[in-house]
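Encoded as structure tokens, the structure appears first; notes follow it.
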Amino acid sequence: MDRSQPSPRVPYRSTSTPPRTPLSLPSVPGYRGPVSPPPIPCSSSSQRQYPESPTSGISLNSSSHSRSSRDNHGKSSTSYFHLNHQPPPAKRRIVPRYFRSPKRALIYLLFLGTLILGVRTIVHHIRNTDRRLLNSLKNGKFSWDRSPIAGAVTGDEEEEYDDGLCKFVSPVEAYHRDLHRLRSLFPHSHSDTHSKYPNQHQHQHQYHNHNHSHNHAHYTYSPTGHLLINRLGQNDTEGDEGKGREGRPHPIPLLLSLGEKRWKELLSRQSTTLEEAVREYIRRYGRKPPKGFDKWWEFATLHNLVLPDEYDRINLDLAPFFALPKSEMKRRMELVENMEKTFTLIIEDGEIEIEIRDPGGLKWGGTLPRAHETSALLKGFAKYLPDMKATFSIFDQPQIYLSWARRGSLVDLGLRGEVTSHLQETDDSEVKLSRSCAPGTNFRKNKDFSEGKSFIYDSLEAGDPCQNPYLIPLHGLTLEPHGHDSLPKPHTQLLPLFSLAKTSINSDILVTPTDQFDFAIGKDPVWEDKDSDKLVWRGSSTGISMMNSSIPWRQAHRIRLHHFAANSSTDSMPFLVPDVGQPSRPRPDVVDAEEETGQLGDNKQYHASSYLSTGIQRNTNDPLTFAEDEYPTDQAMDFYYDIKLSGGPIQCDTEDGTCDDMQQEIQWAGHQSADELNRHKYLLDIDGNGWSGRFRRLMSTNSMVIKMTMFTEWFQPHLIPWFMYVPAKLDFSDLTDIMAFFRGTPKHPELGFDETAAALARNGQCFVQRMFRMEDLQAYMMRLFLEYARIAADEGVDMDFSMDDIVTDQTDEWAETESESADMIGSEVVAQNSDGSETQEGGPDDGMNFVSLGDESLQVDSAADQDQEATGAQESDSLTWDDETIQQDPVLGHGVESGGEEGEGEGQAGFW
């Protein structure tokens, strides 16, 4: 190498400090070793080390002038590295090695930022998983969206997750915002001084933290499911009777708080693991879960069921069947398979076939569609079900009317693990509704029982005709007789028949109907853009299977609803209105004077000078009170309702003139599309022949739903009144009070609790999106069929689930894997045999012929088997199943008399 040429550049720690002079190799006589480092300028008073120099152990003894000296004098002294000295100690550096260069610092900062961003993204993704959402719901840590409608959180709130579905909001908080807004319209009627609620926060949560006892100062929680408004409170005297109910807390805010509290309690007590679910099952029902319960739990967690423990309806429906001997259960299953107007689903090896033994059932066009839809519903979990059969009714109405005495006896035996020997039940098809009620219920004691002014707080109990006998002459199902000629034909013995609808007095096995499940919502404006504040309903005149002159069809629920809203009377109609300080009553002296002079005229209800407030001085932080106001009936109906029957007379007798009477008495309206109905803020839902199929579509809209029903539905334990919807009575006595609260009055339409109604509408949407999905229907049906499979199993077959089964299954899978491995090594023939060469034997039962109808093979029984052999020994003592002779059932008596606390899913004991 030419030593006279410049050497390659020595690497420096910082690229910003290049050498001042060109680097060159020194001429050292006799040196044959490695090339020595070049000379560098050094100061005479300081030393500069280069730790990254390729030569180690080099010390610098010479010094050089400072940079300022070189600049001033234009010269510098040079010195050379020497190899005979050790380097001085390394200088301590404060800046980390990775940040001593701006370029390196920038690179590492970018890398660190990218790493942090990636970690945060992963954590956020984990938090947003459905499992996280499910645990958050169950542990009571639900993120309450405090915004009224849009779902945006405020600045001081952090959104925990976003799964794309709507979030439940707090109607109580929306109510307080409404109350503050409304009271600001009449500031002169309120005083901020000497408030009995000096802390406004205390007032905002007084309803929410209220102790919901059965004895309130102004209200009574009745076991009938109604909140009774007492004429006199506990603190009132007889002298206060003239004031009536005025000046007392309004009941609707209390009901809103009750609904929200019930929802939170339900969420907080749900099981989160299989072990917890098994323990809760045993605690509730006193028996082990059915076989396959672990598969159901996997399905429930996979699809994020919000309330996985609330399936009491299934236990109530199947409880009496546990007391039937297996042979008797098989006989009754065969009996319902041969019933008219039914179809049977046959499950074998995870495959489902549809069997229809009654060709007459095909005359109705809905039989095959319902059979196909039910079959499709079960296909998602049929592989987890044992071989079994289930028979379904094609009707909208229930058919089984078992007496209370017989049902109570069977349930009692089933809970004790015993079976009945009394198998000869009567099935005369003549139904007396009173026989299905307990002796101590209101219907048995006093058919004219009435509780006065009230609101529904428990929809399940409020729909019980045994405790609320006023329902019986007001609903089509209980109005029409049920006898030999009825359609559907009723039965008074216990039969394993699956039905689409039932009431609390029926013993059918309830299933999940899919009618109208996929109906389009239509064009649905947001709440603020809806241009009508009226309560709207359109529907046909169903409700009674066949209306004729022998039935008081004018009292049927849909006929009455039409006439209620079409009332054109000018008589005064009293109802409750929120009292926020607005003028609420005409002064009698002014009204009388103006009537004498003729100045008041027909507009006396709205004359401004005639109005007077209640006279009670309230503070802005006091609870909302109510007053009783009156308006002409025709004006109130026109202001609140757009309710009409549509189409024309149906399900009526043309020969006796019933159809003609209906045509003349009813002013029929045209049908309205979903787009037209969705313009209204308030939608009404009411029963038809059976359950209401349109309920899911109504709840999917941005409108608030008011529901009237007497039927028990599969989702009822999950549907919280006054939190997701508003329940109303079938006599319509509370309907105008409800509308006056949310919409205001004809005189003061601005005084409605509009934001509160919007919050209820929002929660109704959330109920559909989270709890009324196809997966929720499948979860109910899967659990129902696992329970039913245990009842329908052969004698001696163990159909109970135990946690030990999971360990056993895992051990069997491991052993099977090891066995297959050994077979593959030892014998190819054995491997082929274990590879699935066995053929599964299956097919229709003997005596079945196949008839091709469309793309489905329907089995028609060519020779129905009528097995009538006696099963079980007859009891030696003759038993009389007259329910009048049995006063109290040892298991169900208390639950019935106390309003159904035994386990209807919304019993009081679970919420207060």
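Residue 271 in UniProt numbering sits at position 271 of the sequence shown, and the numbers go up by one each step.
Ideal placement from N, C-alpha and C gives every residue a C-beta, glycine not left out.
In the DSSP annotation of this structure, glycine 744 is not part of any beta strand (DSSP E), being labelled neither H nor E. Fully contained in the segment 709 to 775 are the following alpha helix (DSSP H) runs of length 4 or more, in chain order: 735 to 743, 754 to 771. Rounded to the nearest angstrom, the gap between the Cα atoms of serine 375 and proline 171 is 39 Å. Inclusion of alanine 438 and glycine 408 in the CB contact set at 9 Å is warranted, their separation being smaller than that value.
Just so you know, the alpha carbons of proline 187 and aspartate 529 end up roughly 29 Å apart. The C-alpha of phenylalanine 498 lies about 18 Å from the C-alpha of aspartate 427.
Under the three-state reduction of DSSP output, aspartate 309 falls in the coil class, being neither helix nor strand.
In this chain, leucine 345 is not harboured by any alpha helix (DSSP H); it is covered by the beta strand (DSSP E) spanning 342 to 348.
For the pair of segments examined, the segment 321 to 332 was found not to touch the segment 352 to 372: the number of CB pairs separated by less than 8 Å stays below three.
Note on geometry: alpha-carbon atoms of histidine 671 and aspartate 804 lie some 59 Å from one another. In this structure, Thr220 is the residue among Thr121, Cys166, Thr220, Glu750 with its C-alpha nearest to the C-alpha of glycine 452. With respect to aspartate 464, threonine 492 sits apart: the two C-beta atoms are not nearer than 9 Å. Counting only residues of its own chain and dropping the five nearest sequence neighbours on each side, aspartate 642 has a CB closer than 6 Å to the CB of Lys534, Val536. Within the model, the alpha-carbon separation for tyrosine 108 versus valine 123 is close to 22 Å. Judged by their CB atoms, tyrosine 682 and alanine 390 are not nearer to each other than the 9 Å cut-off. Pairing glutamine 716 with arginine 313 gives a Cβ-Cβ distance under 9 Å.
Looking at the backbone, the Cα of histidine 303 and that of histidine 748 are separated by about 47 Å.
At the C-beta level, serine 572 and glutamine 651 stay beyond 9 Å of one another. Contact between valine 726 and leucine 760 holds: their C-beta atoms lie close to 7 Å from each other, under 8 Å.
Considered as a whole, the segment 354 to 414 harbours 388 to 393 as its complete beta strand (DSSP E) runs of no fewer than 3 residues, in chain order. Under DSSP, threonine 426 takes part in no beta bridge, so it has no partner. The criterion of a C-beta distance shorter than 9 Å is not satisfied by phenylalanine 575 and aspartate 754. Annotation: threonine 272 to tryptophan 297 spans about 10 Å, alpha carbon to alpha carbon. Less than 9 Å divides the Cβ of proline 721 from the Cβ of leucine 255.
Rounded to the nearest whole angstrom, the CA to CA distance from isoleucine 394 to arginine 416 is 34 Å. In this structure, the alpha-carbon of arginine 406 lies about 48 Å from that of arginine 743. Burial check for threonine 114: the Cβ neighbour count within 10 Å stays below 16, so the residue is exposed.
Going by beta carbons, phenylalanine 801 and glycine 292 fall inside the 9 Å limit. For alanine 789, the secondary structure class from DSSP, reduced to helix, strand or coil, is helix.
Assigned with DSSP and collapsed to three states, glutamate 665 falls in helix. With contact defined as three or more Cβ pairs closer than 8 Å, the segment 553 to 573 and the segment 469 to 477 are in contact.
Beta-bridge partners of aspartate 629 (DSSP): Phe575. In terms of Cα proximity to serine 703, the closest of Asp396, Pro490, Ser532, Leu266 is Ser532. Judged by DSSP secondary structure, leucine 471 falls outside any alpha helix (DSSP H); it is assigned neither H nor E. Collapsing the DSSP output to three states places methionine 803 in coil.
The shortest CA-to-CA distance from serine 257 to any of Val169, Asn506, Leu471 is the one to Val169.
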